[in-house]
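Following the numbering used here, the numbering of the sequence shown begins with 961 at its first residue and continues without gaps. Below is one structure; the comments refer to it alone.
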Amino acid sequence: MGAVTTEKRGNIAVLSIDNPPVNALGAAVRSSLAEEIQAALDDAATGALVITGAGRMFSGGADIQEFGKERPAGVPSLPEVITAIEGASKPVIAAIHGVAAGGGLEISLGCHWRLAAPGARLGLPEVTLGIIPGAGGTQRLPRLIGVEAALEAIVAGNLMPSEKAHALGIVDEISGNDLVADAVAFAEKLVAAGTPPRRTGELEDRIAEARGKPEIFEKFRQGMARRARGFEAPFACVDSIEAAVNLPFAEGLANEREIFARLVASDQSKAQRHVFFAEREVAKIPDVPKDTPTQPIESAAIIGAGTMGGGIAMNFANVGIPVTVIEVDADALEKGLEVTRKNYASTVAKGRLSQDDMDKRMGLIAGSTDYGDVADADIVIEAAFEDMPLKKEIFQRLDQTCKAETIITSNTSSLDIDEIAAATGRPEKVMGTHFFSPANVMRLAENVRGAETSKDTIATVMDLSKAIGKVGVLVGICDGFVGNRMLYAYTRQAGFLLEEGALPEQVDKVIYDFGLPMGPYAMADLAGIDVGWRVRQAQEPTRPKHLRYSDIADRIYEMDRYGQKTQAGWYRYEKGSRAPIPDPEIEKLIVSVSEELGIERRAIGDQEILERCMYPMINEGAKILEEGLALRALDIDIIWIYGFGFPRYRGGPMFYADLVGADKIYDAMSRLYDEHGEWLKPAPLLEKLAKEGKGFGDL
Ligand code: 3HC
Ligand code: NAI
């Protein structure tokens, strides 16, 4: 049986794409689809064609695994298949259910009419993979729905429900009943009426409106400049849509194909495709198979309604899971809940949440000062102060109070989960769930596996992360876990750069231009210089004494400059503004520290800053892999993308390392080690990869 099957219903041929799990349009599907179309056109008894998908969906688009590989001889490209569909002499109707994404939607745009099931999701997400739609999407969509709606849809890359697609004019009818039966009936009517095919490529009205109006595109580019900073694909989408308006259809298609081919070969697209698969891979834990039993999580409780607790509670309420928040007293509780309320209210004010939904969500968050109220919760997440004796006491109490099945996790950012688990009689049901701040926004959860954590607990918590809209990554126990441990490696070097001659604004600009949301100094001011100071204090007892760090941050702390909250830190801030302003007082401090250390300040180039910040961090990542604290290099990439805003188009630090080359990073680390000493000692794994000519992706 081919990847596409044909079933005759009267005089209508129903073609089903059958390539589980997502009906991706790989070589076999394209060959088979082209053959089945030709057969139906050649069959005199067939009046019209319906194309649909077998199983869960219409089609998830081109087979992303095939990108960058040679097309087998004799296999048609997707644009060729779609051109054949559009040019067909008999009406072709797409019957869409589940998902029609990317090339999947492009096939249906090549069809002459489209029917969709209620709730199906349609869109062109190519931009998220660092490419543009390459099978006519940028040429046909504007012809159906107009230039401005097409710009919005293609540049954002989201999937939209069929109802919206219907309102926009992508979908002609929403099926009321059996989708394929409705599509067949639709086709029969066309045949009976002798209606000729309506070819999208021949529609001109909607694009004619925008012809000779370059300002529409210019305005759109300006509007998206911030959001799309650093990415190539969103801008290429706009260029290709502009070409749809100004070039004849065939030339527009050729132009689109050229842009597609260029981007698919780019490092950005390779990186974004890596992220697509890595996101799915992190959910797979080699020794916790897919069929590991999980516990249902229908209620939750959070201990502590501070910075983190409130945000974590919102994640549950957002997906309809009732959550109880426990505080030490009524005042602390009210303060915490008030922050949550304000957070929701600001989303309502921005028009991104209805008042009704806000009320429903707040209604799911109950406050209490009585531990007895968490007894029946399926999971309890502790987010009280970072203090081992306190955490042990809380876990002991929870162990005594909660039902036997309750999973208990800690949001600790540095403490030993095994020690915390040992305070309970259920260490197999204890692990870390390390959310990132702000916990209602940042999508990362480092799920920390303890020595005794059971596989069922891990499977349940990993599933839960997904259910509450997070990307859960399993990590092992070490100081700072994966993300913060690498962060320290980077911020430490950033500190030395200041002593040697750089200034905070220069370091921050290099990192910002590299694509992170902000550099280390703007970030320290946002997180609080006092917070960083406390972390360093806690690390002090275990810091090997021959490894120094720059104490400029501690001196700034001692000046009572805590960052944005005191309007002064590494930078100064005008009242009510978050814009960092370089401060001569800080420059004076930095220069005086260099003098004290006997360092002659020198001009430090941007490339050196980038390497000094990134390579030691990658080196730390290599050590983490050696120690088995992250499962794979891709897990580290996902941690950095979702926890710290590492640019997606660079694929995460370890993918970036492979683009640079392990040998180049190893050489640079060796040089730095010779010049600056122990903090920069190359990891054995990095050395091994460099010598074998391999990368982290080969592990
Ligand atoms: N190509 C290859 N593999 C794909 C794929 C694709 N287009 N889409 C999904 N897969 C794989 C996933 O990697 C996953 O594999 P795994 O089980 O081994 O981890 C499996 O299919 C199931 O995927 P999901 O877990 O994501 O399934 P969901 O049901 O949650 O979601 C979906 C379905 C919405 C279709 C989602 O998979 C998705 O967003 N896919 C990508 C859609 C996309 O970007 N399409 C555009 C492709 S580029 C293109 O079409 C170019 C054209 O313009 C020329
Ligand atoms: P916070 O100080 O803002 O909030 C802690 C809250 O816990 C306070 O409201 C306090 O009243 C309450 N509390 C203390 N003892 C309690 C008890 N016995 N029972 C109930 N409530 C109690 O602290 P924050 O920042 O929210 O941190 C919480 C935990 O999350 C810490 O372990 C911290 O290391 C970790 N974390 C913090 C991050 C951050 O950026 N703030 C990021 C990731 C983890």
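Here a beta-carbon is modelled for each residue, glycine too, at the ideal position from N, C-alpha and C.
- Approximately 18 Å separates the beta-carbon atoms of residue 1372 and residue 1388; this is outside 8 Å, ruling out the contact.
- For the ligand NAI, no non-hydrogen atom lies closer than 7 Å to the CB of residue 1361.
- Around the beta-carbon of residue 1349, fewer than 16 other beta-carbon atoms lie within 10 Å, marking it exposed.
- Looking at the backbone, the Cα of residue 1570 and that of residue 1549 are separated by about 23 Å.
- Here residue 1121 carries a strand assignment [DSSP, helix/strand/coil].
- Distance from the CA atom of residue 1628 to the CA atom of residue 1575, rounded to whole angstroms, is 8 Å.
- Shown here, residue 1530 sits in coil according to DSSP, grouped into three states, outside any helix or strand.
- Comparing alpha-carbon positions, the option among 1320, 1054 and 1450 lying closest to residue 1572 turns out to be 1450.
- Secondary structure at residue 1512: helix, using DSSP grouped into helix, strand and coil.
- In the DSSP assignment, residue 1059 falls within the unbroken beta strand (DSSP E) covering 1059-1061.
- Note on the segment 1325-1401: whole alpha helix (DSSP H) runs with a minimum of 4 residues are 1348-1361 and 1377-1381, in chain order.
- Put simply, the backbone Cα of residue 1028 is about 33 Å away from that of residue 1425.
- For residue 1020, the Cβ falls inside the 7 Å cut-off from some heavy atom of the ligand 3HC.
- The beta-carbon distance between residue 1524 and residue 1533, rounded to whole angstroms, is 6 Å. This is short enough to meet the 8 Å contact definition.
- Look at residue 1544: its beta carbon is at least 7 Å from all of the heavy atoms in the ligand 3HC.
- Checking the 7 Å criterion, the Cβ of residue 1287 is within range of a heavy atom belonging to the ligand NAI.
- Just so you know, the alpha carbons of residue 1330 and residue 1286 end up roughly 7 Å apart.
- 1366 is the residue among 1205, 1166, 1366 and 1147 whose C-alpha sits nearest the C-alpha of residue 1262.
- Shown here for residue 1228: same chain residues with a beta carbon closer than 6 Å to its own, the five before and five after excluded, namely 1090, 1192 and 1609 in chain order.
- Taking 7 Å as the cut-off, one finds no heavy atom of the ligand NAI near enough to the beta carbon of residue 979.
- Residue 1361 and residue 1485 have their C-alpha atoms roughly 40 Å apart.
- Between the C-alpha atoms of residue 988 and residue 1009 there is a straight-line separation of about 20 Å.
- Within the chosen limit of 7 Å, the ligand NAI reaches the beta carbon of residue 1268 through at least one heavy atom.
- For residue 1054, the beta-bridge partners assigned by DSSP are 1011 and 1074.
- With fewer than 16 other Cβ atoms from the protein chains shown falling within 10 Å of its own Cβ, residue 1137 counts as exposed.
- In this chain, the alpha helix (DSSP H) harbouring residue 1599 covers 1593-1604.
- When the alpha-carbon of residue 1289 is set against those of 1375, 1328, 1419 and 1441, the nearest one is in 1328.
- Excluding the 5 residues flanking it on each side, residue 1098 has same chain C-beta neighbours closer than 7 Å at 1092, 1114, 1197, 1200, 1201, 1204 and 1216, in chain order.
- Set against 7 Å, the gap from the CB of residue 1447 to the closest heavy atom of the ligand NAI is not smaller.
- It is roughly 11 Å from the alpha-carbon of residue 1169 to the alpha-carbon of residue 1206.
- DSSP places residue 1407 within a strand segment (E or B) once states are collapsed to three.
- Counting along the chain, the unbroken beta strand (DSSP E) around residue 975 starts and ends at 972-977.
- Restricted to the segment 1094-1160, the alpha helix (DSSP H) segments that are unbroken, complete and at least 4 residues in length are 1097-1105, 1107-1116, 1122-1128 and 1139-1153, listed in chain order.
- Between residue 1013 and residue 972, the CB-CB gap reaches or exceeds 8 Å.
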